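*Asks:* Chains as they are written, first to last, in this note's numbering: chain A, 23 to 489; chain B, 108 to 304.
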Amino acid sequence: MTNPKTLYEKLWESHIVAESDDAPSILYIDLHLVHEVTSPQAFSGLREKGLKVRCPERTIATMDHSTPTISLSLDSADDMAIAQLEQITKNCADFGITLYDAESDGRGIVHVIGPEQGFTQPGKTIVCGDSHTSTHGAFGALAFGIGTSEVEHVLASQSLLQTKSKTYEVKFEGELPFGVTAKDMILALIAKIGIGGGTGHVFEFTGDAIKALDMDGRMTVCNMAIEAGARAGMIAPDETTFAYLKGRPHAPKGDAWDAAVANWRQLPSDEGAVYDKSVTIDVSALTPMVTYGTNPEMGIPINERIPSLNTGDAAEQSALSKALKYMDLSADEPLKGHPVDVVFIGSCTNSRMSDLRAAASILKGRKVADGMRLLVVPGSETIRHQAEAEGIDKIVRDAGGEWRFAGCSMCLAMNGDELEPGQYAVSTSNRNFEGRQGKGGRTILASPLTAAASAITGKVTDPRELM
Amino acid sequence: MKSFTKITSKIIPLPHIDVDTDQIIPARYLKVINKDGLAEGLFDSWRRLPDGSPNPDFPLNQDEYQGAQILLAGDNFGCGSSREHAPWALTGWGIRAIISTSFADIFRNNALKNGLLPIVVSESTQTSLFDLTEESPSATTDIDLASQTLSLPDGSSVSFEIDSFSKTCLLEGIDQLGYLLKHDEQIAAFEESRLKV
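#1: Taking the beta strand (DSSP E) that H123(B) falls in, what are its first and last residues?
#2: Quick one: which chain A residues come within Cβ less than 8 Å of Q317(B)?
#3: Using a Cβ-Cβ cutoff of 7 Å, what residues of the segment 203-236 of chain B are near chain A? List them in chain order.
#4: As a quick exercise: from K188(A), T189(A) and V173(A), pick the residue whose alpha carbon is nearest that of L182(A).
#5: If contacts are defined as beta-carbon pairs under 8 Å, then N454(A) and L467(A) qualify, I think. What distance do you get, rounded to the angstrom?
#6: DSSP on G321(A), reduced to helix/strand/coil?
#7: Measure from the C-beta of Q497(A) to each C-beta in chain B and report whether the shortest distance is under 8 Å.
#8: Should the segment 242-249 of chain B be called in touch with the segment 222-234 of chain B, which here means at least 3 C-beta pairs below 8 Å?
#9: Using a cut-off of 7 Å between C-beta atoms, extract the partners of F272(B) located in chain A.
#10: Compare the C-beta of E279(B) against all C-beta atoms of chain A and say whether one is closer than 8 Å.
#11: Is S154(B) close to chain A, meaning its C-beta is less than 8 Å from at least one C-beta of that chain?
#12: H123(B) to D151(B), Cα distance in whole Å?
#13: So, for V59(A): in the same chain, excluding its five sequence neighbours on each side, which residues have a beta-carbon less than 6 Å away from its beta-carbon?
#14: Whose C-beta lies closer than 6 Å to the C-beta of P356(A) among residues of the same chain, with five residues either side of it excluded?
#15: Roughly how many angstroms separate the alpha carbons of S209(B) and E191(B), rounded to a whole number?
#16: Alpha carbon to alpha carbon, what distance is there between T263(A) and E195(A)?
#17: Just the C-alpha distance for L107(A) and S116(B), rounded to the nearest angstrom, thanks.
#18: Does E172(A) get closer than 8 Å to chain B when you measure Cβ to Cβ?
#19: Taking only beta-carbon positions, decide if H175(A) is within less than 8 Å of chain B.
#20: I'd like to know whether the C-beta atoms of D212(B) and G222(A) end up nearer to each other than 8 Å.
#21: Could you check where the alpha helix (DSSP H) with P137(A) kicks off and where it finishes?
#22: Could you give the residue range of the beta strand (DSSP E) that holds A428(A)?
#23: Cβ atoms of S156(A) and I232(A): under 8 Å apart, would you say?
#24: Hey, which unbroken runs of the beta strand (DSSP E) at 3 residues or more fall wholly within the segment 95-167 of chain A?
#25: On a CA-only basis, which of G423(A), H272(A) and S369(A) is nearest M394(A)? Give me that one, please.
#26: How is L441(A) classed by DSSP in three states: helix, strand or coil?
#27: Starting from the Cα of A103(A), find the closest Cα among I135(A), E31(A) and M436(A) and give me that residue.
#28: Please classify A258(A) as buried or exposed, where buried requires at least 16 neighbouring CB atoms within 10 angstroms.
#29: So what's G255(A) in DSSP terms, helix, strand or just coil?
#30: Taking K481(A) as the reference, give the member of I405(A), I414(A), V364(A) and D298(A) with the closest Cα.
#31: Taking the straight line between their C-alpha atoms, what separation do you get for F165(B) and K344(A)?
#32: Excluding sequence positions up to five away, which residues of its chain have a Cβ less than 6 Å from the Cβ of E403(A)?
#33: Shortest alpha-carbon distance to W195(B) belongs to which of P260(B), I131(B) and T275(B)?
#34: At a CB distance below 8 Å, what residues from the segment 177-190 of chain B approach chain A? Give them in sequence order.
#35: Going by the CB atoms, is the gap between I177(B) and T248(B) shorter than 8 Å?
#36: Skipping 5 residues on each side, what residues in its chain have a beta carbon closer than 8 Å to that of A234(A)?
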């Protein structure tokens, strides 16, 4: 009998092209997602070396980071953004790669459209020049972010030099309480193990509470695996996964579908498989989470106070004090009730239908607070159309919010959607780093429910009070 | 890739943990389509005051550290975004090595492909290095990659780990893509074998 294996080990072993004692392994890549910001220098590298893209059919490109969200036209983008968008258009045309361009209905955030179009499937190795590639692990894929040199490697060879990661089981047990979501689960994990807690490891999220999540929620959890430093985050595929994928444009059809599902059923970790590390979180004890600092580990349950300045070792105390200075917040004070200027609902973390529906459930029939700027940015054009068919755009506009076209938008503030210096935002995105949403801007990460509730009151608000 | 053999330099202290790549280079600098000029955005929000003038308290702005090639940072350097613009900005400034107690995985991979050496040291070595930079900021440290040794200003030396593949690539300035392309036949065979399943 063979040794029981984890999901990660099965994917790793089935994608090894070559192994050697004096070099990392060569790992085959099934799907390469490309966007405008981290790819131009990789294509330049191919041209300089006279190389082709080895598998254009395994490469999919989109425009998302620097695209405007106020219109479908790129005209309102600045000159540098336009040059970058023209460059990806040329690169995809020259190298024969499918591009979801500005006019395409399927365009959207790279980590939203991969699953939505059915390119993302269980058992695949998936990479992209973007750290939130971990999102696709929600389908039982091995998906991770790479740099631009590695983008060039994959374009040229459909392979990567990789060292095997360690495995880390993150078990979420119990039933999620009312008003608590997948976003709160992952923020609670990061607060517990720290932003470097997963370094060198691949997470596998297991447990009843993971099984109970829909695919949107699972993607939210895997999306932020990188915020705990993990190489990837994975969830074993199950009926929920198959139901999501069935009938998607690029999912297998007919007999090929049945064969694929039969293969996918072999992927979950074997009984008795051993992980290098593990942690268990009881979700029944969780409440909505919010961050108070300048990295995603600086998070607290919404009804608790910001930690004291003497928390942790000297380096951590210094980091906390620096973070609170930037945020202009005080130790030992509650964050709930703190005034908020902007609410951003969007990003590859929380811009899918269930996120928009959750936000709309709070916004419906209400108005945002005086002076509040609410920005709602769907993850893809497909989602935008569906949300509009459900009347979510009207709910957002009636509440006094801005309803936008798809893109990364204010998650990283490359496209003109940004905070002004000193502003506080409650944001459904993934990073609260200094200046992430605009120079001098201050980000409080939260779930779509908490973000929508805070838009209504103009203060950091426990969404359960409005539900 | 620029090779890395030996350097002798002052050490620039950056005593913060969890330095993320958004701080190393903010997203507003990522609209370029080449690798040039990114040093302009290096640590932009820390290096410049809100009015755009240089922040005199930030080490990279201090006369003492002009031309220095070694950065000493707190734990978990380079976390967050996968942007390779971070090592491009650092090497564009002239940084060739970073010393910390740990590096984020993607940053480490990116650095090694750009002739930028990430050196992991113990917490006690890190502490004594921070102490040394405070006591004698102009003292220099030698890094010898071949012997994997840091020679500190106080005459002591510390060895560091690096995998043999990365070491060879750095010493000889080899682009790792060449190694992958040499395996073209094996990649083709792998693709063929999967079609048969």
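Beta carbons are placed, not taken as given, at the ideal position from N, Cα and C, and that holds for glycine. A quick note: this is a predicted structure, and the numbers were derived from the prediction, not measured.
*Replies:* Judging by the given coordinates:
#1: Element bounds for H123(B): n/a, residue is neither H nor E.
#2: One cannot answer for residue 317(B) here, as it falls past the ends of chain B, which runs 108 to 304.
#3: S209, A211, D212, I213, N216, N217 and K220
#4: V173(A)
#5: 5 Å
#6: strand
#7: With chain A running from 23 to 489 in the structure shown, residue 497(A) is simply not present.
#8: no
#9: D44, A45 and P46
#10: no
#11: Before going further, note that residue 154(B) is Arg rather than Ser in the sequence given. Not an interface residue.
#12: 16 Å
#13: H87
#14: R327
#15: 18 Å
#16: 19 Å
#17: 41 Å
#18: yes
#19: yes
#20: yes
#21: V132 to E138
#22: Per DSSP, A428(A) belongs to no beta strand (DSSP E) and is neither H nor E.
#23: no
#24: 120-122, 147-150 and 164-167
#25: G423(A)
#26: coil
#27: M436(A)
#28: buried
#29: strand
#30: V364(A)
#31: 14 Å
#32: D127, R129, G130 and A428
#33: I131(B)
#34: G181, D182, N183, C186, G187, S188, S189 and R190
#35: yes
#36: E197 and L198
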